[in-house]
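Each remark here refers to the structure printed beneath this line.
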Ligand SMILES: O=C(O)C(=O)C[C@H](O)[C@H](O)COP(=O)(O)O
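In UniProt numbering, the protein residues as written are 1 to 211.
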């Protein structure tokens, strides 16, 4: 059994957590190797496709240096399936007590998604202090994070949603941002073309973002 990771360790490993959508199990291992070669090890594979669990399993078993996590965790069942597939952390687009409890029961670090003060307070009540701000750019971006830094001075965020290599700095420079998340590191056309070099280059560029 792998040693448990904390949510803070997941956030601090690199400036960006890639949000990955995979439709083909054959893409999983070469894609993950490309990200790791580019300096990105924490890999969020979203549970948005029927192949996602098999992809996580392949990465967990075959890619040295990769730490696979599950994205789009929306239920206790999702959390259980993710653990079984080898996920070492979970990310959810929103927060429910049931998802929080299931992740705790499985020893799975969770970055719960929040977009309002009430959601932050509910996650904090349940002991979560490292949170995903989703959808970040659509829901207020850097200005929202600056406003939250007053009352929620003890929370660290991973803004995700509408983040790009170009705007990531505006977020990473904020003291309450530990990292950002985004899908731009793994474009669907690069996957379809098997363009692993492009994914590696995007990862390298992202891993060098200052914070
Ligand atoms: O699937 C999930 O669990 C999500 O919460 C959504 C993703 O984090 C965003 O869709 C990523 O946003 P983009 O980087 O703008 O593509």
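Backbone N, C-alpha and C define an ideal beta-carbon position, used for all residues, glycine too.
Tell me which same chain residues have a C-beta within less than 6 Å of the C-beta of residue i, skipping the five on either side of it?
i: residue 202; result: 185
i: residue 54; result: 25
i: residue 164; result: 184
i: residue 76; result: 98 and 102
i: residue 87; result: 56, 68, 69 and 70
When DSSP builds the beta bridges, which residues end up paired with residue i?
i: residue 90; result: 70 and 110
i: residue 179; result: According to DSSP, residue 179 bridges with nothing at all.
i: residue 156; result: 130
i: residue 18; result: 182
Put residue i into one of helix, strand or coil per three-state DSSP.
i: residue 212; result: Residue coverage of the chain in this structure runs from 1 to 211, which leaves residue 212 outside it and unanswerable.
i: residue 202; result: helix
i: residue 207; result: helix
i: residue 7; result: helix
i: residue 150; result: coil
i: residue 165; result: coil
i: residue 115; result: coil
i: residue 123; result: helix
i: residue 194; result: coil
i: residue 145; result: helix
i: residue 76; result: helix
i: residue 189; result: helix
i: residue 170; result: helix
i: residue 13; result: coil
Kindly list the residues whose CB is nearer than 7 Å to the CB of residue i, restricted to its own chain and excluding five residues on each side of it in sequence; keep chain order.
i: residue 37; result: 200
i: residue 32; result: 43, 59, 63 and 66
i: residue 28; result: 22, 55, 58 and 59
Just to confirm my understanding: we take residue i, look at its own chain, exclude 5 residues before and 5 after, and list those with CB closer than 8 Å. What are they?
i: residue 135; result: 115, 160, 161 and 162
i: residue 151; result: 117
Looking at C-beta atoms only, is the number of pairs between the stretch 46-64 and the stretch 188-196 that lie closer than 8 Å three or more? no
Whole alpha helix (DSSP H) runs in the stretch 21-66 with 4 or more residues, listed along the chain? 25-37 and 52-62
Okay, do the stretch 122-135 and the stretch 97-112 touch, 3+ Cβ pairs below 8 Å being the bar? yes
Does the pairing of the stretch 136-150 with the stretch 9-25 give three or more beta-carbon distances under 8 Å? no
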